[in-house]
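Scroll down for the structure; my scribbles are underneath it.
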Amino acid sequence: MLSGISAMLTGSGVLAIFGSAESDNIVVRQVDNNLKIDGLGCYPLDKVNRIVVNAGEGDDVVNLNRVSTVPAYVFGGAGDDVITGTSANDYIEGDDILDASVTLPLTGDFNGDHRTDGLVLRYIDGIGLIATTVFSLGNGNYAVVNDVLGNDAMQVFNASSGPLVGDFNGDGADDLAFVAQDAVAPGLNIVVHFSLRNGLWKTRQQVETDPSNGRGFGF
Ligand SMILES: [Ca+2]
Ligand SMILES: [Ca+2]
Ligand SMILES: [Ca+2]
Ligand SMILES: [Ca+2]
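Numbering follows this note's numbering, in which position 180 of the sequence shown is assigned residue number 247; successive positions increment by one, without gaps.
Printed below as a string of structure tokens:
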């Protein structure tokens, strides 16, 4: 059977593994100085600070129990999944969670394909903000991808009047920004999560003490 899984290592050290809409077998092993994904290849251990798995639809098996030092965030997606975590601190969700009572729903085109997508943000104690992007496939179906925005993002999230959605770097995909009065310095605490178009986000934060410098959200 052909493997439908794919992986990418982002510049911020996230090893993201994506399952297909079918049943996938996702196995990661820590071998010497590498993380080896069965059927896909190796990634240097010192370049990875966390693993994010989105197994997607289907009855998936995710086995990370041969990983000892890298924490993982595993989202099983729909289906009857079997998930085994690493020896580090993991966060695991066995299904798609879109509970409206704990989410903040947003819309935008987060992959730049001109179809409106959904996004919900949830705060999980000790984990931070989980961003669940619901990509519209244009035929009534959708694909769900999760990422973790972290605790730093949460501090600004709490203090701000709400997330702003817009394409702040002009690459055609909508991004997220939070702006709050900085707690310490006289200025604005700005956090921008740039969409990587696949449900992952690249976070930049700055405290802006001189709004007149005109750098804006695309810094
Ligand atoms: Ca799957
Ligand atoms: Ca699944
Ligand atoms: Ca879209
Ligand atoms: Ca953008």
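The beta carbon of each residue, even a glycine, is placed where N, CA and C say it ideally should be.
Being a predicted model, the structure only gives us computed values, none of them experimental.
Item	Value
Pull up the distance between the alpha-carbon of N100 and that of L82, whole angstroms please.	15 angstroms
If you check the beta carbons only, do D184 and T200 fall under 9 angstroms apart?	yes
Rounded to whole angstroms, what is the Cα-Cα separation between I118 and T170?	23 angstroms
Got a list of residues with beta-carbon closer than 7 angstroms to any non-hydrogen atom of ligand 2, in chain order?	G86, A122, G123, E124, G125, D126, D127, G143, G144, A145, G146 and D148
Which residues neighbour ligand 3 when neighbourhood means a C-beta less than 5 angstroms away from any of its non-hydrogen atoms? List them by chain order.	D176, N178, D180, R182 and D184
Under the rule that 16 or more other beta-carbon atoms within 10 Å means buried, what is V203, buried or exposed?	Checking the sequence, you will find Ser at residue 203 rather than Val. So S203 counts as buried.
According to the Cβ coordinates, are Y140 and N256 closer than 9 angstroms?	no
Residues in its own chain within less than 8 angstroms of N121 by CB, not counting five upstream and five downstream?	A83, I84, F85, G86, F142, G144, V211, V212, N213 and G266
Does the distance from the CB of I104 to the CB of V129 come in under 9 angstroms?	no
Report all residues for which the CB-ligand distance to some heavy atom of ligand 4 is below 7 angstroms; order them along the chain.	D234, F235, N236, G237, D238, G239, A240, D241, D242, F261 and S262
In the structure shown, what three-state DSSP assignment does D113 receive?	helix
Within 10 Å of its beta-carbon, does V95 have 16 or more other beta-carbons around it, so buried, or fewer, so exposed?	buried
Exposed or buried, T136, counting other C-beta atoms within 10 Å across all chains shown (16 or more means buried)?	exposed
Can you grab the Cα-Cα spacing for the pair G207 / G254, in whole Å?	44 angstroms
Roughly how many angstroms lie between the CA atoms of V274 and V149, to the nearest whole one?	43 angstroms
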